[in-house]
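Structure, as structure tokens:
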Amino acid sequence: MAFTLLFPDFDILRDPNRCIKCRVCERQCANEVHQYDEEHDIMLADENKCVDCQRCVTLCPTKALRICENEQVFRKNANWRAQTIKEIYRQAESGGVLLSSMGNPEPFPVYWDKTLINASQVTNPSIDPLREPMETKVFLGKKPEMIERSADGTLKTELTPQLELKVPLMFSAMSFGSISYNAHKSLAMAATELGICYNTGEGGLHEDFYQYGKNTIVQVASGRFGVHKGYLEAGAAIEIKMGQGAKPGIGGHLPGTKIVGEVSRTRMIPEGSDAISPAPHHDIYSIEDLRQLVYSLKEATRYAKPIIVKVAAVHNIAAIASGIARSGADIIAIDGFRGGTGAAPTRIRDNVGIPIELALASVDARLREEGIRNSVSLVVGGSIRSSADVVKAIALGADACYIATAALLAMGCHLCRSCQAGKCNWGIATQQPDLVKRVNPDIAAPRLVNLITAWGHEIKELLGGMGINSIEALRGNRLMLRGIGLNEKELSILGIAHAGE
Amino acid sequence: MKIDCSGKNYDILNQEIAGLEGDIALINCCGQRFIGAGASGKRLTISGVPGNALGAYLDGAEISVLGNAQDATGDTMNAGRIVINGSCGDAVGYAMRGGEIYVRGNVGYRAGIHMKSYEDKVPVLVIGGRCGSFLGEYQAGGLIIALGLGYGDREVLDNFCATGMHGGKIFIRANTLHARISPQISVRDAGARDLALIAPHIREFCTLFGKTEPEIYEKSFKVLSPNSSNPYHQLYVQN
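Protein chains in written order, with our numbering: chain A, 432 to 932; chain B, 293 to 531.
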């Protein structure tokens with residue numbers, strides 16, 4: 432190896448009293464960290480290659496392994512942190528653009544953690560969800576201004592298509608290519624069982640997954656990979672991807688080395704060819720142009736499906752959302768700056784965009800002010816980590832939440848943030864056949880079902896505590912939230928009072 | 293079957309078209325958008341000027357326009373054929389994956405952008421006249437043929453042709469090419485094998501628009517193709 436100033440991020444501690452040299456760690460590690468030295472009959476480790484995915488730790492039958500942070504330190508410096516110094520070494524050694532994955536790990540404020548939920552006491556009784564019916568079902572799409580019925584009570588108003596979800600949650604876009612076939616299958620199976628939706632991302636829809644169509648959102652991005660009439664008709668809704676929270680202003684670029692076999696077939700592009708999907712749709716320069724794409728998709732599917740427009744949360748998000756609401760879109764999806772990704776330039780991931788909490792609050796307020804809140808549904812994503820985050824999002828005005836990182840965690844992801852390398856030891860962010868089979872959809876799908884079911888119960892309990900028995904009654908109900916440790920400006924953007932007020 | 297488009301909004305008109313099969317003549321078309329979106333199993337002949345996104349996601353239908361067309365003709369077309377007996381606006385053939393588009397006259401900006409090919413699907417875009425900037429931007433497959441007919445020795449191309457191109461071929465009918473082409477693109481004179489590749493489409497163009505083949509082959513062709521199918525190989529370092 433060439434001379435490097437970098438030292439390993441992790442230490443691999445192997446307890447020799449426990450290690451039985453079964454070589455499971457060696458077989459499990461696609462990064463080739465572990466190695467058996469036959470001559471000396473010992474297990475060796477090259478910690479330079481370790482990404483701390485903890486596959487070896489989890490699978491070691493004698494629990495002989497531990498991965499720890501390397502205690503080796505640079506001289507303490509609050510300004511020049513170890514990570515910053517290492518990044519400079521990396522770029523000085525390679526001349527490359529820093530590439531990372533998953534969501535922004537920097538210590539920006541998390542407003543979910545600075546908001547508290549209300550509960551009923553004395554005057555307004557709480558509801559026991561185990562005893563009384565609670566409604567978690569939501570319908571996403573444009574709602575009519577008014578309902579008209581004819582004399583016999585039948586509906587005269589023509590309703591626009593709606594996306595029906597049993598709980599206000601969906602798995603957000605992850606393309607086949609960025610994640611594996613088995614991971615996609617697990618999401619599709621779980622969404623179907625749960626009565627919610629998963630999202631194909633921009634990599635097309637594998638022919639095996641058409642059977643999950645009514646629980647599928649098909650995505651259309653600027654590169655139009657795998658987009659054809661059958662694909663558009665296969666899903667329950669169509670999402671136009673304008674932006675992604677992890678990399679606003681940056682397009683997708685799956686390198687040719689990953690366009691192999693089924694990924695190439697599903698994207699409908701030749702093997703080995705780059706899949707370039709630039710940030711701008713080169714036919715969209717205005718809300719009018721967006722409207723044209725929205726309506727071309729509606730026309731191609733005879734107005735049978737709601738159209739979602741997904742954007743990243745950026746500075747003028749309220750004005751942008753107002754424009755989208757007027758473009759004919761049925762649903763706006765907003766992705767906050769902590770949202771995950773299979774690969775993004777580090778500088779973009781960590782510095783571009785705004786928190787979803789602030790974006791959601793300002794969009795909801797703006798659409799209400801303009802009297803167009805009911806002409807679209809709002810879906811938010813970008814690091815929804817628990818049922819409490821979901822409840823807070825709905826109280827801030829969301830109709831439903833998109834989750835992806837949480838879903839990956841449920842399937843075994845350990846957030847080592849190395850997806851971009853394509854060697855995911857947990858079989859999720861990889862196309863290597865030996866790794867892909869480590870995700871068994873028959874095991875991963877029930878884990879996803881468990882997670883969402885558990886969140887569903889918790890959502891009901893939180894609702895019941897507030898004396899509310901439906902998601903509809905919580906939506907935009909900001910009186911149910913109080914801020915803690917927030918300044919006046921933050922409170923005013925969130926539209927909530929401070930705790931104690 | 294004849295439909296008079298006068299005074300009809302596009303959604304009404306397109307619903308009418310969706311219910312029909314076989315030969316359909318649209319008369320007095322005036323800017324109605326999305327005509328034939330996702331259509332298969334029919335032949336549309338349009339008099340007047342159809343609006344944007346004509347034949348978007350086209351899936352096997354044939355569309356013939358007896359005049360000009362506007363923007364985004366044949367967006368994400370999968371199969372079928374569109375014939376424009378005049379000129380058309382921007383982004384014709386955006387991301388088309390299959391089928392053929394023949395334009396008698398000129399095209400606007402970004403014609404053939406993101407054009408792809410896949411397995412037996414090789415889309416073809418033939419342009420009789422001149423092209424706006426960004427012809428074949430991000431082209432990933434298929435054939436674009438630009439003839440520049442009726443413009444003498446004027447340049448067929450505008451600026452930034454084939455930027456980001458990483459697949460397919462662009463044929464320009466010109467003895468010399470003055471337009472600046474990015475160094476990622478190779479430009480060479482068309483040889484016998486290249487000409488054999490475009491011959492059926494040239495023949496079809498002549499049949500459709502009453503031209504003769506010798507008149508087309510009066511000039512030679514330049515072939516533009518990518519130097520690499522991975523043009524944006526950015527140097528990244530894992531972080």
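Glycine residues also receive a C-beta, built at the ideal position from the N, C-alpha and C atoms.
- With contacts defined as CB atoms closer than 9 Å, glycine 352 of chain B and alanine 331 of chain B qualify as a contacting pair.
- Under the three-state reduction of DSSP output, cysteine 850 of chain A falls in the helix class.
- Separation of histidine 458 of chain B and threonine 515 of chain A (C-alpha to C-alpha, rounded to the nearest whole angstrom) is 36 Å.
- Assignment of beta strand (DSSP E) within the region 802-827 of chain A, counting only whole runs of 3 or more residues, yields 808-812 in chain order.
- Judged by DSSP secondary structure, cysteine 322 of chain B falls within the beta strand (DSSP E) whose first and last residues are 314-322.
- Of the residues A:Leu685, A:Arg906, A:Ser708, A:Pro711, the one whose Cα lies closest to the Cα of glutamate 702 of chain A is A:Leu685.
- Taking CB atoms only, tyrosine 734 of chain A has a neighbour in chain B less than 9 Å away.
- For glycine 895 of chain A, the enclosing alpha helix (DSSP H) has its first and last residue at 872-896.
- Within the same chain, Cβ atoms closer than 7 Å to the Cβ of proline 575 of chain A are found at Thr588, Leu590, the five residues on either side in sequence being excluded.
- Among the residues of chain A, those whose CB is under 7 Å from the CB of threonine 368 of chain B are Arg655, Val658, following chain order.
- One Cα belongs to alanine 387 of chain B, the other to lysine 672 of chain A, and the distance between them is close to 15 Å.
- Taking 9 Å as the Cβ-Cβ cut-off, the region 402-428 of chain B approaches chain A at Arg402, Ile405, His406, Lys408, Ser409, Tyr410, Glu411, Lys413, Phe426, given in chain order.
- Approximately 6 Å separates the beta-carbon atoms of isoleucine 890 of chain A and threonine 567 of chain A; this is inside 8 Å, confirming the contact.
- Within 10 angstroms of the beta-carbon of phenylalanine 602 of chain A lie 16 or more other beta-carbons, which makes it buried.
- Within the same chain, and ignoring the five residues on either side of serine 849 of chain A in sequence, the residues whose Cβ sits closer than 6 Å to its Cβ are Val482.
- Closest in C-alpha terms to isoleucine 785 of chain A, from the list A:Gly680, A:Gly895, A:Ala476, comes A:Gly680.
- By the beta-carbon neighbour count (other beta carbons within 10 angstroms, threshold 16), glycine 421 of chain B is buried.
- Assignment of glycine 428 of chain B by DSSP, reduced to helix, strand and coil, places it in the coil class.
- By the CB criterion at 9 Å, glycine 759 of chain A and arginine 722 of chain A fall inside the cutoff.
- Per the coordinates, the alpha-carbon of lysine 494 of chain A lies some 11 Å from the alpha-carbon of valine 455 of chain A.
- Of all residues in the region 298-316 of chain B, only Asn306, Ala310 come within less than 7 Å of chain A when Cβ atoms are compared, listed by chain position.
- Chain B has a Cβ within less than 9 Å of the Cβ of aspartate 705 of chain A.
- Boundaries of the beta strand (DSSP E) harbouring tyrosine 528 of chain B: 528-530, taken from the DSSP string.
- Between the region 738-757 of chain A and the region 509-527 of chain A there are fewer than three inter-stretch CB-CB distances shorter than 8 Å, so the stretches are not counted as touching.
- Here methionine 673 of chain A carries a coil assignment [DSSP, helix/strand/coil].
- Taking the Cα positions, serine 339 of chain B is about 6 Å away from valine 357 of chain B.
- Of the candidates A:Lys480, A:Asp446, A:Gln459, the residue whose Cα lies closest to the Cα of phenylalanine 438 of chain A is A:Lys480.
- Taking the beta carbon of glutamine 362 of chain B as reference, no residue of chain A falls within 9 Å; the closest one sits roughly 10 Å away.
- In the assembly as shown, methionine 293 of chain B is an exposed residue. Its beta-carbon has fewer than 16 other beta-carbons within 10 Å.
- According to the DSSP assignment, phenylalanine 497 of chain B belongs to the alpha helix (DSSP H) that extends over 484-501.
- Nearest Cα to isoleucine 405 of chain B within the set B:Gly311, B:Tyr302, B:Lys461, B:Asp315: B:Lys461.
- Burial state of cysteine 297 of chain B is buried, judged by a 10 Å Cβ sphere holding 16 or more other Cβ atoms.
- Proximity to isoleucine 915 of chain A across A:Ile548, A:Asp468, A:Ile498 peaks at A:Ile548, based on C-alpha coordinates.
- Comparing C-alpha distances from threonine 337 of chain B to each of B:Ile316, B:Leu350, B:Tyr349, B:Gly400 shows the shortest one belongs to B:Ile316.
- Residue pairing by DSSP places asparagine 630 of chain A opposite A:Ile648 in a beta bridge.
- When the Cα atoms are used, glutamate 919 of chain A and phenylalanine 441 of chain A turn out to be separated by approximately 42 Å.
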